Amino acid sequence: MNWKPDKSSHDPIYLQIADHFEGKMRDGEYPSGSCLPSERKLAATLDVNRSTVVTAYDHLASLGLVARVKGFGTVATDRQTFDGTAKRIPNWEQYAKSGFLHRNDPITRHIHAILGSDQSNINFAIGELSPDLFPVALMQQAHSRIEMSQYLGYEHIQGNIGLRDSIAGHLRTHRGIASSASSILVTSGAQQAIQLIIQGLLKPGDGVAIEDPSYCFSMPIFHSAGLRTYRLSVEQDGVDPEQIVSLYKRHRIKMVFLNPIYHNPTGTTMSAERRKRLLDISTKFGIAIVEDDPYSLTGFGQAPEGTLKSMDRDGSVLYVSSLSKIVSSGLRIGWIAGPHSVIQRLTDAKQQLDFGHSNIPQWIAAQLLSSGELDNHLRKLRTGLQHKLEQTISSLRTEFGDRIKFRVPSGGIHLWCELDGEWDELQLFNQAIDLGVVITPGSTLGSHRNRIRLTYSRVDDREIAPGIRKLAEAYRYALGFDR
Ligand SMILES: Cc1ncc(COP(=O)(O)O)c(C=O)c1O
């Protein structure tokens, strides 16, 4: 090949290479199905880096002009015509594969697809409340008090001031946390709060520690952001803080993400002693802690569990929570409470993402939190959750006998179960779906392979026993008994 890219040109070299090959394809030199030169050979011939050739070929692939075929190389497609009238139709499949956010894992996608398309399934998979636990009357009341003559333009990016005041009041009375409207950012659920923290405070290559198992594993957002993730095993009294010390010494982790109260999925709560030690470690090494706390008000005991943030005298903890697990997941109201500089930075990030949260859910949430009726609802919620848990446990004991093990949680909405014997996770999952029951396989939440998560809060009381019966049938199948 005589042609070489012009290194003195302002046009990027990869584009020059892509244009060159596009011309060659148009001229018929590379008919449909023929292979372009290998990346290595072309890089040597053109005296460029191999990564430049890769970028050039990726560009052609994004235009649909070539396909990257494993074991073959880069192959010209039939999207070109040879009379110079080739249409440059965007290759949407290629685009769909190349966004910087990683795809969700296939089981998680399958769970959402199944539940989205068929409401008749018995849903032990999605972490939310069942319709009978939503405070419908309270929501209607809050809604009816809304003044539609309020300002209908963009809300304050940090969140509606009335809502931030109500959240600060709620944090003080219900979670032992001192804050003010200026130290709170309203987010679209706790999920967006975590996303903002990752994108606004960390950079690719930073090390973070997350619990294993954890809700975080079901979301590839940590890896999409290029973070190094390290696992913290979860014990009966939560994460052992000494694990964090050794991770810091070996990997210089910058941040720890924890869900210390009624942890998803294990239901465990970090002991007060461990929480205290964790805070000491945080201030000794300067490690930031994110306390993700959607569940602390769902405890079955009289007094709610004290949050980590309520013990934080030095400001080491960013506190994340939401109304999803206690009021309504569809309202999409969450928040972050933290130091002013962090809240300003994350508000700036939120502006880039969505220009601030929708105002109507914020007004409803503000009414709800300041109405004085929330406590009554929370009492009913806890009783309802406990009832569902007891029913689930009783059905599991009837159907599984001693082939299932779990620790009975004292709050939260999930039951983390270990099933006996040699069984195939996918077979259990798929067979349960065939029988109309959806569960969360343990592998989607971390490194555990012989576990399943049963979310008891989402299921109608009347469906718990039939659902567990069907699950036991699927389990027998996965063990090979019913085939
Ligand atoms: C521990 C934990 N954090 C955050 C979330 C996200 O909840 P949301 O965005 O609805 O507040 C969940 C949802 O299951 C969760 O279990």
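Residues in the sequence shown are numbered consecutively from 622, following this note's numbering.
C-beta atoms are modelled at their ideal positions from N, C-alpha and C, and glycine is treated no differently.
Since we're looking at a predicted model, the values are computed, not measured.
Selection from Glu1084, Ser949, Ala846 that minimises the alpha carbon distance to phenylalanine 721: For the purposes of this step, residue 721 is taken as the residue at position 100 of the sequence shown. Of the candidates Glu1084, Ser949, Ala846, the one whose C-alpha sits nearest the C-alpha of phenylalanine 721 is Ala846.
Residue(s) in a DSSP beta bridge with valine 1080: On the sequence shown, residue 1080 is found 459 positions in, with the first residue counted as 1. Answer by DSSP bridge pairing: none, since valine 1080 is not bridged.
Ligand 1 heavy atom lying under 8 Å from the CB of alanine 811: Walking along the sequence shown from the start, residue 811 turns up at place 190. Yes; taking the cut-off as 8 Å, the Cβ of alanine 811 has a heavy atom of ligand 1 nearer than that.
Same chain, Cβ closer than 7 Å to histidine 1069, five either side skipped, listed in chain order: The residue given as residue 1069 occupies position 448 in the sequence shown. Same-chain partners within the cutoff: Pro834, Gly1063.
contact_flag[the stretch 890–900, the stretch 855–862] where n(CB pairs < 8 Å) is 3 or more: yes
Under the three-state DSSP convention, the category aspartate 632 falls into: As a first step, residue 632 is located in the sequence shown; it is residue number 11 there, counting from the start. In the structure shown, aspartate 632 sits in coil (DSSP, three-state: anything other than H, G, I, E or B).
Boundaries (first-last residue) of the beta strand (DSSP E) holding arginine 849: Here residue 849 is taken as the residue at index 228 of the sequence shown, counted from 1. Element bounds for arginine 849: 849–856.
Sub-9 Å separation of leucine 566 and serine 945 beta-carbons: In this structure the chain extends from 622 to 1104, so residue 566 is not present and cannot be described.
Inter-residue spacing [alpha-carbon to alpha-carbon] between alanine 599 and serine 683: There is no way to answer for residue 599, as the model of the chain reaches only from 622 to 1104.
Neighbour-count burial assignment, arginine 724, 16 or more Cβ in a 10 Å radius: As a working note, residue 724 is residue 103 in the sequence shown. With fewer than 16 other Cβ atoms within 10 Å, it is exposed.
Among Arg730, Asn885, Glu1011, Asp975, nearest to glycine 1033 - alpha-carbon criterion: For the purposes of this step, residue 1033 is identified with residue 412 of the sequence shown, where counting begins at 1. For glycine 1033, the nearest C-alpha among the options comes from Asn885.
Cβ pair glutamine 779, valine 807 closer than 9 Å: Here residue 779 is taken as the residue at index 158 of the sequence shown, counted from 1. Here residue 807 is taken as the residue at index 186 of the sequence shown, counted from 1. In this structure, valine 807 lies closer than 9 Å to glutamine 779 by Cβ.
Cβ-based neighbour list, phenylalanine 703, same chain, cut-off 6 Å, excluding 5 preceding and 5 following: Start at 1 with the first residue of the sequence shown, and residue 703 comes out as number 82. With a pLDDT of only 49 at phenylalanine 703, under 50, the local geometry of the prediction cannot be trusted, and the value read off the model is given with reservation. Here the set comprises Gly649.
Nearest neighbour of aspartate 913, chosen from Val866, Asn880, Glu926 [CA to CA]: By 1-based counting over the sequence shown, the position of residue 913 is 292. The option with the nearest alpha carbon to aspartate 913 is Asn880.
Proximity to lysine 662 [Cα-Cα], best of Thr673, Pro652, Gly654: In the sequence shown, residue 662 corresponds to position 41, counting from 1. If we check each option's Cα against that of lysine 662, Thr673 comes out closest.
C-alpha gap between lysine 1009 and threonine 889, whole angstroms: In the sequence shown, counting from the first residue as 1, residue 1009 sits at position 388. In the sequence shown, counting from the first residue as 1, residue 889 sits at position 268. Cα-Cα distance, rounded: 18 Å.
CA-to-CA distance, serine 917 to aspartate 1055, given in whole angstroms: As a first step, residue 1055 must be located in the sequence shown, where it is residue number 434. As a first step, residue 917 must be located in the sequence shown, where it is residue number 296. The straight-line gap from Cα to Cα measures roughly 35 Å.
Integer Cβ distance of isoleucine 805 from isoleucine 819, believed to fall under 8 Å: Position 184 of the sequence shown, counted from the start, is the residue given in the question as residue 805. Position 198 of the sequence shown, counted from the start, is the residue given in the question as residue 819. In fact, because the Cβ distance is near 19 Å, the residues do not count as touching under 8 Å.
N- and C-terminal bounds of the alpha helix (DSSP H) containing isoleucine 831: Taking the sequence shown and counting its residues from 1, the one referred to as residue 831 is at position 210. Here isoleucine 831 belongs to no alpha helix (DSSP H); instead the beta strand (DSSP E) covers 828–833.
Straight-line gap, glutamate 749 to serine 949 (C-alpha atoms, nearest Å): As a position in the sequence shown, residue 749 is number 128, starting the count at 1. As a position in the sequence shown, residue 949 is number 328, starting the count at 1. Taking the straight line from one Cα to the other gives about 8 Å.
Backbone secondary structure at phenylalanine 703 - three-state DSSP: By one-based count along the sequence shown, residue 703 stands at place 82. For phenylalanine 703, the predicted model reports a pLDDT of 49, less than 50, meaning its position is unreliable and no value from the coordinates is stated.
Which of helix, strand or coil DSSP assigns to proline 1062: As a position in the sequence shown, residue 1062 is number 441, starting the count at 1. Three-state result, proline 1062: strand.
CB contact flag (glycine 977, tyrosine 772, <9 Å): Stepping through the sequence shown from its first residue, residue 977 is reached at position 356. Stepping through the sequence shown from its first residue, residue 772 is reached at position 151. Contact: no.
Cβ-heavy atom distance, glycine 1022 to ligand 1, below 8 Å: Locating residue 1022 in the sequence shown gives position 401, counting from the first residue. Answer for glycine 1022: no, Cβ out of range of ligand 1.
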